[in-house]
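Visitor: For the sequence shown, the working numbering gives the first residue as 536, with consecutive numbering after it.
Please find one structure pasted underneath; my questions will follow.
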Amino acid sequence: MSAISPGVLVEYGWNERVLALFGEFAPLSLEPARVVRVERSMCMAVLPDGSERLVRGAAPCVVGDWVAVRESTIEGVLARWSALSRLDPEAGVMQMLAANMDLVVITVPADRASASRVERELALAWDSGARPLVVLTKSDLSVPGLEQSLRDRLAGVDILPTSTVDDAGLDRLRAQLQPDRTGVLLGPSGAGKSSLANALLGRQRFATGTVREADARGRHTTTSRQLVPLPGGGVLIDTPGLRSLGLGSHVGLGATYPDIEALSLSCRFRDCRHDAEPGCAVAAAANSGGLAPARLVSFQKLQREIAAEESKTDPLKRKEELAVWKARTKAARAKARRPNR
Ligand SMILES: Nc1nc2c(ncn2[C@@H]2O[C@H](COP(=O)(O)OP(=O)(O)OP(=O)(O)O)[C@@H](O)[C@H]2O)c(=O)[nH]1
Ligand SMILES: [Mg+2]
Ligand SMILES: [Zn+2]
């Protein structure tokens, strides 16, 4: 067995962990490579000598994947330690967006911050197996109190304000990725993901687009997912802003809503949905100011979305869902017949 020489892959995040994962392929005298871009079923991968090559294999690959190749054939995809996926709105199945990240950088534009979108992104980030970091982009446009109100709403999540106008927060973001961590940028179109990538790169590698005057929405400038090494260490994956970020049936909400999870231990019913059940500690907290009512609303929305996905695949769940809705309609009708109570 010849020694593996990772060459420039060190710049692309190669470390002891990847070396260990590559172990099973090493005796086959295959070369390690990292997928830096995906076009349809073909992957562009970077090799130890720094060259980029279109490679193909039996299994689909995704940006961030570590692969073992022979010429232009992928002989194996290394086990992924994290994978960011969303529900594909057209196919109705999970679509993998990126793999082998250590950090999911959730970008929230200060001029159009949506806490409920962040909560959805946090749920996907926690599900990926990587650690989420919320970055408040365009902090030069922020209004006083925005950062604090996001912090309050998101219950203890780290928030890092950044700006590519005055370079605020860039060193702290760099430090999160050094020396060999991979981060993926997630966020709405126009959030400033590509601008942030360019700022960390120190050059205009990615195209950026203006946002619409009227509503500060982006124009979907980025169209593919691309991985780049950062000067000074660390790796970043730029992605297009996605309109739809559906949660799959397997996604849990506990890590995104630890406050609600803790409160729910005091609900009367163990399977309480915090939706008008008697003895609900979560609803009580929302009524008394201990929990932002908007946070509970967005939790319930995501919970319903996950349940709907579950019922599509699990007939027993579907029956349970129907029973709940029947009981609710019955209760609502009974209430309507007794308007004075
Ligand atoms: N004021 C201000 N504007 C910024 C900042 N960062 C980016 N912008 C502007 O925001 C707009 C959108 O930036 P992009 O980097 O293209 O946004 P994106 O998230 O990559 O968008 P998509 O590729 O469409 O998903 C551009 O007009 C940028 O100049 C910032 O820190 N401050
Ligand atoms: Mg972009
Ligand atoms: Zn409850």
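In this text, a Cβ means the ideal position worked out from N, Cα and C, and glycines have one as well.
Using 8 Å for Cβ pairs, my map puts Leu837 next to Leu798. What's the rounded Cβ distance?
Guide: With 8 Å as the limit, Leu837 and Leu798 do not qualify as a contact, their Cβ atoms being about 16 Å apart.
Visitor: Shortest alpha-carbon distance to Lys634 belongs to which of Thr642, Val571, Pro644, Val653?
Guide: A small fix is needed here, since residue 634 is Ala in this sequence, not Lys. Taking only the C-alpha atoms, the option nearest Ala634 is Val571.
Visitor: In terms of residue numbering, what span does the beta strand (DSSP E) encompassing Asp773 cover?
Guide: That run of the beta strand (DSSP E) goes 770–773.
Visitor: How far does the alpha helix (DSSP H) with Ile609 in it extend, from its first residue to its last?
Guide: Looking at the DSSP string, Ile609 is not in any alpha helix (DSSP H); the run it does join, the beta strand (DSSP E), is 608–612.
Visitor: Determine contact between the segment 681–701 and the segment 630–649, defined as no fewer than three beta-carbon pairs at a distance below 8 Å.
Guide: In short, these stretches touch, since the Cβ pair count reaches three.
Visitor: Less than 7 Å between C-beta atoms, sequence neighbours within five positions excluded: which residues of the same chain meet that for Ser540?
Guide: Within the same chain, Ser540 has close Cβ partners Pro583.
Visitor: Helix, strand or coil, according to DSSP, for Trp601 in the structure here?
Guide: Residue state, collapsed to three classes: strand.
Visitor: Label Ser607 either buried or exposed according to how many other C-beta atoms from any shown protein chain fall within 10 Å of its C-beta, with 16 as the threshold for buried.
Guide: Exposed.
Visitor: Grab me the residues of Leu676's own chain with a C-beta within less than 6 Å of its C-beta, minus the 5 sequence neighbours each way, in chain order.
Guide: Same-chain partners within the cutoff: Ala645, Asp646.
Visitor: Just the Cα atoms here: how many angstroms apart are Ser823 and Ile609?
Guide: Their Cα atoms are separated by approximately 57 Å.
Visitor: Can you tell me the Cα-Cα spacing of Leu619 and Ala555, whole angstroms?
Guide: Taking the straight line from one Cα to the other gives about 22 Å.
Visitor: Please name the residue or residues paired with Ala580 in a DSSP beta bridge.
Guide: Paired residues: Val570, Arg588.
Visitor: Tell me the rounded alpha-carbon separation between Ser694 and Thr642.
Guide: In the sequence on display, residue 694 carries Ile and not Ser. Approximately 10 Å, taken between the alpha carbons.
Visitor: Taking just the CA atoms, how far does Ile772 sit from Thr717?
Guide: Spanning the two alpha carbons is a distance of roughly 8 Å.
Visitor: Sort Leu731, Leu544, Trp616 by Cα distance to Ser663 and report the nearest one.
Guide: When each option's Cα is compared against that of Ser663, the closest is Trp616.
Visitor: For a test of the three-state rule: what should DSSP assign to Ala858, helix, strand or coil?
Guide: Helix, per DSSP.
Visitor: Is any heavy atom of ligand 1 found at a distance shorter than 7 Å from the C-beta of Ser677?
Guide: Answer for Ser677: no, Cβ out of range of ligand 1.
Visitor: For ligand 1, I want to know if Val719 counts as a neighbour, meaning its beta carbon is within less than 7 Å of at least one of the ligand's heavy atoms.
Guide: It does not: the Cβ of Val719 is nowhere closer than 7 Å to a heavy atom of ligand 1.
Visitor: Please report how far the alpha carbon of Asp806 lies from the alpha carbon of Glu796, in whole angstroms.
Guide: Cα-Cα distance, rounded: 12 Å.
Visitor: Can we count Asp646 as close to ligand 2, meaning its CB is less than 7 Å from some heavy atom?
Guide: Flag unset: Cβ of Asp646 not near ligand 2.
Visitor: Please name the residue, chosen from Leu657, Val639, Ser586, Ala593, that lies closest to Leu782 on a Cα-to-Cα basis.
Guide: Among Leu657, Val639, Ser586, Ala593, the Cα nearest to that of Leu782 is on Leu657.
Visitor: So if DSSP puts Ser620 in a beta bridge, which residue, or which two residues, is it bridged to?
Guide: Ser620 is bridged to Met631.
Visitor: Is Asp773 near ligand 2, judged by its Cβ being under 7 Å from some heavy atom?
Guide: Answer for Asp773: yes, Cβ within range of ligand 2.
Visitor: Taking the C-alpha atoms as reference points, what is the distance between Ala843 and Ser586?
Guide: Taking the straight line from one Cα to the other gives about 46 Å.
Visitor: Taking all protein chains shown into account, decide if Met536 is buried (16 or more other Cβ within 10 angstroms of its Cβ) or exposed.
Guide: Confidence in Met536 is poor, its pLDDT being 46 and thus under 50, which makes the residue's placement too unreliable to answer from.
Visitor: If you compare alpha carbons, which of Leu689, Arg588, Asp701 is closest to Ser674?
Guide: When only C-alpha atoms are compared, the closest one is Asp701.
Visitor: Any idea what DSSP makes of Gly542, helix, strand or coil?
Guide: Note: Gly542 maps to helix in three-state DSSP.
Visitor: Of the choices Ser729, Leu622, Val719, whose alpha-carbon is the least far from that of Thr699?
Guide: Selected option, being the one with the closest Cα: Ser729.
Visitor: My output table needs one value for Arg575: the three-state DSSP class, helix, strand or coil.
Guide: The answer is coil: DSSP assigns Arg575 none of H, G, I, E or B.
Visitor: Compute the Euclidean distance between the alpha carbons of Gly768 and Tyr547, then round it to the nearest angstrom.
Guide: Going by the C-alpha atoms only, they are around 8 Å apart.
Visitor: Is there contact between the segment 551–565 and the segment 586–595, where contact requires at least three CB pairs shorter than 8 Å?
Guide: Too few Cβ pairs lie closer than 8 Å, so no.
Visitor: Check whether the Cβ of Ser729 sits closer than 7 Å to any heavy atom of ligand 2, and report yes or no.
Guide: Under cutoff, so the answer is yes.
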